[in-house]
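Chemist: Numbering (the working numbering), first residue to last: 70 to 581.
This is the structure we're talking about:
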């Protein structure tokens, strides 16, 4: 299988190439008896769950410090490498995969990881209501030997190894180590560099070093604590005062000042998109002309200048530009107040209407974005009321589709568009009613399905372009901007790096 030539070009399956790629492997296990340093990362999202099937951005990147997958996305976000797996090969009919496992991996309680754990984990993930759609192609998983897993697919499936690198396919102990699922996720164990210490909902979650971690000498830190601090300014003050070591997503407008105060600040390249979601359960937003009017009224360049201090580009597609099969010709709506007024005039609400924008409390960026849109809509006769909720509550409101317009975003979890296209455009298969919008277009749904079930990159591109083009014409969401992930951290911290899929490997971080 040809993995390393960018997923944007699709996957050509050849067993020889995949075997060569995986031949090098990773180092054998060695104990780390002297981790040092206690790190605190502050963020504006509260940790929610250890259950991978229920995880969203509030929990995914934290879970990944305890749970690990068979394959890991590379630092450039474009392909995968073996992690808990040692190698992979595929049959000539492209339907049977043989995965060889590392034999030196243990869970943090000292139990060796075997194929029984892998089979249990993949079977459980496939049955999941949250992210089980990622494993749609998997027909069966067999533990043929302690170090060997056989995966059969229903059809040739280009994204398989990328899907296996997803957080939802993390390897857990078989049968949850003899516990119920509820009991296990209250005190989880995994193969990762850290193990669970405590979780205080609404405040913090803390992990300590797994000194039996399979990577030699890692982790370097004694502990990592993620603290929930909703206010942007408070997190900045904590970083400057030394109460925190890393600040996740400080406003881009604060970058210059943070740098001048001696903090390290880096905009990491991101496979991510910012959107405004429209709830089509609301009669006005079920009207495509209203959705287009709102989208045309969104001054993306002003938002990028004010909200992101210029760190970003206007978005035109449901996919970000550095995601595989992105189509730059997608006709995403851009700022044009005359066009906005014309679209509103075509609707049933040409005399004007009132809409509600659900913003994130404490977010400088969301406050500015909603205000810019409010001022523009006023010029075409639309009143926009802005209400705020703290992030955890806002996410529940969105999932329950009890909003009208709200800010939302997506970070790629795998190196193939399969996950996002299903989640965002297939209302049933993705299990989210098309990103909690109610959007349902058969042309788009069928194009997404055709894109998944072929390894021919030309066919995949054609169908993913159809899906991008039609969803843009339908303005089912307003595509706002694509921006980097901004992190600020103390100069005492080294080795911190964020991938385009928003993964950070805390086992590589030092505090000195």
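Yeah, the Cβ is synthetic: ideal placement off N, Cα and C, and Gly gets one too.
From a predicted model like this one, the values you see are computed outputs, not experimental measurements.
Hey, how far is the Cα of residue 515 from the Cα of residue 109?
Modeler: Distance between the alpha carbons of residue 515 and residue 109: 46 Å.
Chemist: Is there a Cβ from chain B that is less than 8 Å from the Cβ of residue 104?
Modeler: Structure shown: chain B not included; a single protein chain is present.
Chemist: For the structure I just gave you, are there three or more beta carbon pairs, one from the stretch 357-371 and one from the stretch 297-316, closer than 8 Å?
Modeler: The stretch 357-371 vs the stretch 297-316: no contact.
Chemist: Using the beta-carbon count (16 or more within 10 Å), is residue 147 buried or exposed?
Modeler: Under this definition residue 147 is a buried residue.
Chemist: With a threshold of 7 Å on Cβ separation, who are the neighbours of residue 378 within its own chain once the five nearest residues in sequence on each side are excluded?
Modeler: Contacts found: 321, 322, 324.
Chemist: When every heavy atom of the ligand GTP is checked, does at least one fall within less than 7 Å of the C-beta of residue 183?
Modeler: Among the components of this structure there are no ligands whatsoever, and the ligand GTP is therefore not found.
Chemist: I'd like the list of long-range same chain contacts for residue 351, defined as Cβ closer than 6 Å, with 5 residues on each side in sequence excluded.
Modeler: Hits under 6 Å: 473.
Chemist: Decide if residue 326 is buried, meaning its Cβ has at least 16 other Cβ atoms within 10 Å, or exposed.
Modeler: With fewer than 16 other Cβ atoms within 10 Å, it is exposed.
Chemist: Tell me which residue opens and which closes the beta strand (DSSP E) that residue 341 is part of.
Modeler: Its beta strand (DSSP E) spans residues 341-347.
Chemist: Can you give me the start and stop residues for the beta strand (DSSP E) that residue 427 sits inside?
Modeler: Unbroken beta strand (DSSP E) run through residue 427: 422-429.
Chemist: Quick one: residues in its chain with C-beta nearer than 8 Å to the C-beta of residue 542, no 5 flanking neighbours on either side, listed in chain order?
Modeler: Here the set comprises 400.
Chemist: Tell me which same chain residues have a C-beta within less than 8 Å of the C-beta of residue 406, skipping the five on either side of it?
Modeler: Same-chain partners within the cutoff: 365, 366, 445, 448, 449.
Chemist: On the three-state DSSP scale, how would you describe residue 209?
Modeler: The answer is strand: DSSP assigns residue 209 an E or B state.
Chemist: Quick one: is residue 119 buried, meaning 16 or more other Cβ sit within 10 Å of its Cβ, or exposed?
Modeler: Per the 10 Å Cβ criterion, buried.
Chemist: Distance check for residue 183 and residue 191, CA to CA, integer angstroms please.
Modeler: Each residue's alpha carbon lies about 13 Å from the other.
Chemist: Do residue 556 and residue 382 have their beta-carbon atoms positioned less than 8 Å apart in this structure?
Modeler: It is not a contact, given that the beta carbons lie outside the stated cut-off.
Chemist: Tell me, to the nearest whole angstrom, how far the beta carbon of residue 386 is from that of residue 537; I am working on the premise that it is less than 8 Å.
Modeler: About 5 Å; that satisfies the 8 Å criterion.
Chemist: When the Cα atoms are used, what is the spatial distance from residue 114 to residue 574?
Modeler: Looking at the two C-alpha atoms, the distance is approximately 19 Å.
Chemist: Residue 383 bridges to which residues according to DSSP?
Modeler: According to DSSP, which records beta bridges pairwise, residue 383 is partnered with 550.
Chemist: Indicate the three-state DSSP secondary structure (helix, strand or coil) for residue 256 in the structure shown.
Modeler: DSSP places residue 256 in coil when its eight states are reduced to three.
Chemist: For residue 273, which residues in the same chain have their Cβ closer than 7 Å to its Cβ, ignoring the five residues on either side in sequence?
Modeler: Excluding sequence neighbours, residue 273 sits near 294, 295, 296, 297.
Chemist: Would residue 134 and residue 236 be called neighbours here (beta carbons separated by less than 8 Å)?
Modeler: Contact: no.
Chemist: So, residue 152 versus residue 220, is the Cβ gap smaller than 8 Å?
Modeler: Contact flag unset, no.
Chemist: Just the Cα atoms here: how many angstroms apart are residue 561 and residue 577?
Modeler: Spanning the two alpha carbons is a distance of roughly 14 Å.
Chemist: Kindly indicate which residue of 470, 424, 139, 106 has the alpha-carbon position closest to the one of residue 452.
Modeler: Here the closest residue by C-alpha is 424.
Chemist: Where do the N-terminal and C-terminal ends of the alpha helix (DSSP H) with residue 372 fall, by residue?
Modeler: Note, residue 372: alpha helix (DSSP H), 369-376.
Chemist: Quick check on residue 267: does DSSP put it in helix, strand or coil?
Modeler: Reduced to three states, the DSSP call for residue 267 is strand.
Chemist: Compute the Euclidean distance between the alpha carbons of residue 163 and residue 307, then round it to the nearest angstrom.
Modeler: The straight-line gap from Cα to Cα measures roughly 53 Å.
Chemist: With distances taken from CA atoms, which of 374, 180, 212 is nearest residue 550?
Modeler: Ranking the options by Cα distance to residue 550, first place goes to 374.
Chemist: Are the Cβ atoms of residue 301 and residue 197 separated by less than 8 Å?
Modeler: Not a contact, by the Cβ cut-off of 8 Å.
Chemist: DSSP beta-bridge partners for residue 582?
Modeler: Outside the displayed range of the chain (70 to 581) lies residue 582, so it cannot be described from this structure.
Chemist: So, for residue 503: in the same chain, excluding its five sequence neighbours on each side, which residues have a beta-carbon less than 8 Å away from its beta-carbon?
Modeler: Contacts found: 493, 494, 495, 496, 509, 545.
Chemist: Runs of 3 residues minimum, wholly inside the stretch 393-454: which ones carry the beta strand (DSSP E) assignment?
Modeler: If we require 3 residues or more, the beta strand (DSSP E) runs fully inside the stretch 393-454 come out as 422-429.
Chemist: Alpha carbon to alpha carbon, what distance is there between residue 200 and residue 249?
Modeler: Cα-Cα distance, rounded: 20 Å.
Chemist: Restricting to runs no shorter than 4 residues, where is the alpha helix (DSSP H) found entirely within the stretch 157-244?
Modeler: Listed in chain order, the complete alpha helix (DSSP H) runs (minimum 4 residues) inside the stretch 157-244 are 184-196, 229-233.
Chemist: Quick one: what does DSSP say residue 573 is sitting in, helix, strand or coil?
Modeler: Residue 573: strand per DSSP, three-state reduction.
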